[in-house]
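Chemist: Next up is a structure, given as structure tokens.
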Amino acid sequence: MRTSTARITPVLTTARAIPRAGWGLTSALAATAVCAGILPIAQMIAVGIVVGAVPRAVQDGAGSEASHRVLITIGVLGALYFTAQVVPPLQWSLSRVVALRLEHRVTAELMRAGADPVGIDHLESEAFSAAASAVREIRSGAFALTDAVNSVAQLLGGRLQGIAAAAILASFHWWAPLVLLVTFLPWDAYFRGEHRAIARSWAGRSTEQQRADHFRRLAFDPVAGREIRVFGLTGFVLDRFDRHFRTGIAQAWKERGDRLRRLVPCVLLVVLGYLLVYGAIGHDLASGAVTLTAAVVFVQVSGQIWRVVPSFNDLSRTAIGSASLTAVGKLAPAPLAARRSSPAPGDPVRFEGVTFRYPGQDELVLDGLDLVLHPGRSLAVVGDNGAGKSTLIALLAGLRHPASGRVTAGGIDLRDVDENAWRARLSPVFQDFVHYPWSARDNIAVGAKSPLTDEQLWEVARASGAAEALDGLPRGLDTPLSKDFDGGAELSGGQWQRIALARALAGARTGADLLILDEPTSNLDVRAEAEVFERFLDATRGTTTVLVSHRFTNVRRADRIVVLDGGRITEDGTHDELMAANGHYARMFRLQAERFAERAPGGVDA
0 MRTSTARITP
10 VLTTARAIPR
20 AGWGLTSALA
30 ATAVCAGILP
40 IAQMIAVGIV
50 VGAVPRAVQD
60 GAGSEASHRV
70 LITIGVLGAL
80 YFTAQVVPPL
90 QWSLSRVVAL
100 RLEHRVTAEL
110 MRAGADPVGI
120 DHLESEAFSA
130 AASAVREIRS
140 GAFALTDAVN
150 SVAQLLGGRL
160 QGIAAAAILA
170 SFHWWAPLVL
180 LVTFLPWDAY
190 FRGEHRAIAR
200 SWAGRSTEQQ
210 RADHFRRLAF
220 DPVAGREIRV
230 FGLTGFVLDR
240 FDRHFRTGIA
250 QAWKERGDRL
260 RRLVPCVLLV
270 VLGYLLVYGA
280 IGHDLASGAV
290 TLTAAVVFVQ
300 VSGQIWRVVP
310 SFNDLSRTAI
320 GSASLTAVGK
330 LAPAPLAARR
340 SSPAPGDPVR
350 FEGVTFRYPG
360 QDELVLDGLD
370 LVLHPGRSLA
380 VVGDNGAGKS
390 TLIALLAGLR
400 HPASGRVTAG
410 GIDLRDVDEN
420 AWRARLSPVF
430 QDFVHYPWSA
440 RDNIAVGAKS
450 PLTDEQLWEV
460 ARASGAAEAL
470 DGLPRGLDTP
480 LSKDFDGGAE
490 LSGGQWQRIA
500 LARALAGART
510 GADLLILDEP
520 TSNLDVRAEA
530 EVFERFLDAT
540 RGTTTVLVSH
550 RFTNVRRADR
560 IVVLDGGRIT
570 EDGTHDELMA
580 ANGHYARMFR
590 LQAERFAERA
600 PGGVDA
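Just so you know, we're using numbering that gives the first Met the number 0 here: the sequence shown kicks off at 0 and counts up by one.
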């Protein structure tokens, strides 16, 4: 029962989703399904009428009423045949339109499920990953969802055809459709088991097949291809592939032979069922109990009884195509935001005993961290790679929340702060900032809290050092920053980092009072990064600013510097104070300064 339910669930999921494409389309698709189910039966009845009327028409001759009846019925049969040829492509076209509408809705629901929640933890959940993967497969597969919708229509038409056939055959003998169904069920069960066995054997292929695949991939691998040719391994690779492939195929044929032997009784049972039914039809025809027309119709419809049972192919195509509908449907909607407080600009931000670990991990990234961000001052957060600097920034932005402790603004926990109002005050540049393939104007303006004039855009571009790159663009600010678009241009890594800084400054020019730089310049050399930080601090003087870096030598101008180590703040002070303390900051500063001095004589003064 559980297996049967699992097979039919994708059909029900898809069927319930189809009306969301619009009742007009749904009605049209249902009409094609009804036509697809009834037309074959109508054709069989027409064929029976023609066959039954031919002897009388031959006897009465041309021009007789019987011959006219035959001609009219043949005309009807031709019309039915023509209509039957039109229905499948029409059904496919309607299924495609329905699928495109459903795909749009499913993608939009997935996007809302990803964008609506306050934080980003849900983006790393198994449910969201499964839904995103299913939607990607739908989009890459192009017709998977169309197949699912079309299969539902075909299943409906098939059931109608099977039920109509069973009803007609039952009018001959009530037991006839039951006998055929009972004999067909083992046959159907065998082929379902065959498909499952093939799927299992593919998923868990033998060692020999896996080895054959290994040598096949080697032959196509351009990296391995160099050694194969240099070492003269071509013959060896081909020989090993052939050996393992043949051994694997022999094993597969043995398993298939065992399964084929189990098919024999199923075939015999089906043959026995049809012999009983056809024998009864022949007996009644010979005795005059049924007409030739009825006998021909009964014989034809008896071959459609199996349509009552859904085919494995229809079910499997529906299961594949409905995966996105099922996965997205499992995503919990984002809770409605309650009315929340908005701390006043200029309030200090505090980390109070904050601990944090990522989902599925035991190790704490932050462990009892305490920190205060004073309004209007610049703070540099330094530490080794993996110290938790980016995690601290995610907590500050409200993208994640502590496992214990709290982050407050004006004494209000960020969990209780209106997230839109809070983020309107932030202007961050993350380490892995996005390279949008949009125009240069939009790439900068995306950071603004309100519209910017071109003059203001150029102002922040000059302050960030991005103006030089913009000057060289073929269409100026309207140039798409991607060669994928006509007239587009590609920027270097350093140019992109200056564009990202311009975004942050655009936010500062339009109301943001907390600026964050989370190592966006880590790919620049030390001197270039130092220049960027200098520009940034000059342009944001008097604004609360957080600079994150693993380069101790480039943050010395910050009003205050903290060292993050072991999940806690271990040192806190100005550059001069930390150098005088001769702790971790001082050691790392001198070490990095020495390395820089070796590459660039003149060095860095402490």
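By construction, the Cβ of each residue, glycine as well, lies at the ideal position given by its N, Cα and C atoms.
#1: Straight-line CA distance for D512 to A423?
#2: Are there 16 or more other CB atoms within 10 angstroms of the CB of L155, so buried, or fewer, so exposed?
#3: Please classify W91: does DSSP put it in a helix, a strand, or coil?
#4: So is L514 buried or exposed if we call it buried at 16+ other beta carbons inside 10 Å?
#5: Identify, in the order they occur along the chain, each residue of the same chain with its Cβ nearer than 6 Å to the Cβ of V307, setting aside the five sequence neighbours on each side.
#6: Check whether the Cβ atoms of V562 and I392 sit closer than 8 Å, and answer yes or no.
#7: So, under 8 Å CB-CB, A408 and V348 are touching, yes? Tell me the CB distance rounded to an integer number of Å.
#8: For K388, is the classification buried or exposed, using 16 other Cβ atoms within 10 angstroms of its Cβ as the cut-off for buried?
#9: Do S301 and V276 have their C-beta atoms within less than 8 Å of each other?
#10: Considering only the alpha carbon of each residue, which of G397, T552 and R414 lies closest to Y584?
#11: Quick one, are the C-beta atoms of E362 and G404 less than 8 Å apart?
#12: Please report the Cβ distance between P479 and P436, rounded to the nearest whole angstrom; I am assuming they are in contact, meaning their Cβ atoms lie under 8 Å.
#13: Which parts of the segment 521 to 573 are runs of the beta strand (DSSP E), unbroken and 3 residues or longer, counting only runs that do not cross its ends?
#14: Going by the CB atoms, is the gap between T390 and F355 shorter than 8 Å?
#15: Report the rounded CA-to-CA distance for N384 versus D564, giving the unit in angstroms.
#16: Which whole-angstrom value is the C-beta distance of V49 and L76, which I expect to be below 8 Å?
#17: I need the DSSP call for T290, collapsed to helix, strand or coil.
#18: Check the C-beta distance from L291 over to T182 and give it rounded, since I have them as a contact under 8 Å.
#19: Could you give the first and the last residue of the continuous beta strand (DSSP E) run that contains I515?
#20: Spatial neighbours of A198 within its chain, please: CB distance less than 8 Å, with the 5 preceding and 5 following residues excluded, ordered by chain position.
#21: Go through its chain and collect everything with a Cβ distance to G36's Cβ below 6 Å, but skip five positions before and after it.
#22: By Cβ distance below 8 Å, which residues in the same chain neighbour S87 in space, the five residues on each side in sequence not counted?
#23: So what does L370 bridge to, in DSSP terms?
#24: List the DSSP bridge partners of S377.
#25: Assuming R497 and A538 are in contact, meaning their beta carbons sit under 8 Å apart, how far apart are those beta carbons, in whole angstroms?
#26: Compare the C-alpha of D441 against each of L180, T72, D477 and D415 and name the closest.
#27: In chain order, what residues of the same chain lie with their CB nearer than 7 Å to the CB of A20, ignoring the 5 residues before and after it?
#28: Alpha carbon to alpha carbon, how far is R567 from V554?
#29: Confirm, please, whether the CB-CB distance from L372 to V545 is below 8 Å.
#30: Quick one, which of G446, D146 and P185 has its alpha-carbon nearest L93's?
#31: State the beta-bridge partners of F355 as determined by DSSP.
#32: Please classify D220 as buried or exposed, where buried requires at least 16 neighbouring CB atoms within 10 angstroms.
#33: For D346, which residues from the same chain have a beta carbon less than 8 Å from its beta carbon, with the 5 sequence-adjacent residues on both sides left out?
#34: How about the segment 269 to 289 and the segment 238 to 247: do they share at least three Cβ pairs that are nearer than 8 Å?
#35: With DSSP run on the structure shown, which of helix, strand or coil describes D220?
#36: Mapping the DSSP letters down to three states, classify S426 as helix, strand or coil.
Modeler: Well, looking at it:
#1: What you label residue 512 is simply residue 513 of the sequence shown in a count that begins at 1. What you label residue 423 is simply residue 424 of the sequence shown in a count that begins at 1. Between D512 and A423, the C-alpha separation is close to 9 Å.
#2: As a position in the sequence shown, residue 155 is number 156, starting the count at 1. It is buried - the Cβ of L155 has at least 16 other Cβ atoms within 10 Å.
#3: Translated into the one-based positions of the sequence shown, residue 91 becomes position 92. Looking at W91 - three-state DSSP - the assignment turns out to be helix.
#4: Position 515 of the sequence shown, counted from the first residue, corresponds to residue 514. L514 comes out buried.
#5: By 1-based counting over the sequence shown, the position of residue 307 is 308. Taken in chain order, the residues that qualify are G161.
#6: Sequence index remark: in the sequence shown, residue 562 carries index 563 (1-based). Sequence index remark: in the sequence shown, residue 392 carries index 393 (1-based). Cβ distance not < 8 Å, so V562 and I392 don't count as in contact.
#7: Stepping through the sequence shown from its first residue, residue 408 is reached at position 409. Stepping through the sequence shown from its first residue, residue 348 is reached at position 349. Sure, about 5 Å apart at Cβ, within 8 Å.
#8: Working through the sequence shown from its first residue, we reach residue 388 at position 389. Result: buried.
#9: The residue labelled residue 301 in the question sits at position 302 within the sequence shown. The residue labelled residue 276 in the question sits at position 277 within the sequence shown. Going by C-beta atoms, S301 is nearer than 8 Å to V276.
#10: Here residue 584 refers to the residue found at position 585 when the sequence shown is read from its first residue. The candidate whose alpha carbon is nearest that of Y584 is T552.
#11: Taking the first residue of the sequence shown as position 1, residue 362 is located at position 363. Taking the first residue of the sequence shown as position 1, residue 404 is located at position 405. Not a contact, by the Cβ cut-off of 8 Å.
#12: Within the sequence shown, residue 479 is the residue found at index 480, counting from 1. Within the sequence shown, residue 436 is the residue found at index 437, counting from 1. Rounded, the Cβ-Cβ distance is 6 Å, consistent with contact.
#13: 543 to 548, 559 to 564 and 567 to 572
#14: Within the sequence shown, residue 355 is the residue found at index 356, counting from 1. Within the sequence shown, residue 390 is the residue found at index 391, counting from 1. Taking 8 Å as the Cβ cut-off, F355 and T390 qualify as a contacting pair.
#15: To locate residue 384, count along the sequence shown from 1; it is residue 385. To locate residue 564, count along the sequence shown from 1; it is residue 565. Their Cα atoms are separated by approximately 10 Å.
#16: Along the sequence shown, one-based indexing puts residue 49 at 50. Along the sequence shown, one-based indexing puts residue 76 at 77. So it is a contact: roughly 7 Å between Cβ atoms.
#17: In the sequence shown, the residue the question calls residue 290 occupies position 291. Coil.
#18: Position 292 of the sequence shown, counted from the start, is the residue given in the question as residue 291. Position 183 of the sequence shown, counted from the start, is the residue given in the question as residue 182. The pair is not a contact, with the Cβ atoms about 26 Å apart (cut-off 8 Å).
#19: Here residue 515 corresponds to residue number 516 of the sequence shown, with the count starting at 1. L513 to D517 is the span of the beta strand (DSSP E), which, as asked, contains I515.
#20: Here residue 198 is taken as the residue at index 199 of the sequence shown, counted from 1. Any reading at A198 must be qualified, since the residue scores a pLDDT of 49, below 50, and its modelled position is unreliable; no value is offered.
#21: On the sequence shown, position 37 is the one that residue 36 refers to. Around G36: G156, L159 and Q160.
#22: Residue mapping note: residue 87 aligns to position 88 of the sequence shown, counting from 1. Note on identity: in this sequence residue 87 is Pro, with Ser being the wrong assignment. The answer, listed in chain order, is A35.
#23: Mapped onto the sequence shown, residue 370 falls at position 371. In DSSP, L370 forms a bridge with F350.
#24: On the sequence shown, position 378 is the one that residue 377 refers to. Partner(s): T544.
#25: Your numbering for residue 497 matches position 498 in the sequence shown. Your numbering for residue 538 matches position 539 in the sequence shown. About 12 Å; that fails the 8 Å criterion.
#26: In the sequence shown, counting from the first residue as 1, residue 441 sits at position 442. Selected option, being the one with the closest Cα: D477.
#27: Walking along the sequence shown from the start, residue 20 turns up at place 21. Cβ neighbours of A20 beyond the five flanking positions: V97, R100 and L101.
#28: What you label residue 567 is simply residue 568 of the sequence shown in a count that begins at 1. What you label residue 554 is simply residue 555 of the sequence shown in a count that begins at 1. So the two alpha carbons sit approximately 19 Å from each other.
#29: Locating residue 545 in the sequence shown gives position 546, counting from the first residue. Locating residue 372 in the sequence shown gives position 373, counting from the first residue. A contact, by the Cβ cut-off of 8 Å.
#30: Counting from 1 along the sequence shown, the entry for residue 93 is found at position 94. Out of G446, D146 and P185, D146 has the C-alpha closest to the C-alpha of L93.
#31: Counting from one through the sequence shown, the residue named residue 355 turns up at place 356. The partner list for F355 (beta bridge, DSSP) reads L365.
#32: For this step, residue 220 is matched to residue 221 along the sequence shown. D220 is exposed by the Cβ-count criterion.
#33: For the purposes of this step, residue 346 is taken as residue 347 along the sequence shown, with counting starting at 1. Contacts found: P374, A408, G409 and G410.
#34: no
#35: Here residue 220 is taken as the residue at index 221 of the sequence shown, counted from 1. Correct three-state label for D220: coil.
#36: Numbered from 1 along the sequence shown, position 427 holds the residue referred to as residue 426. DSSP places S426 in strand when its eight states are reduced to three.
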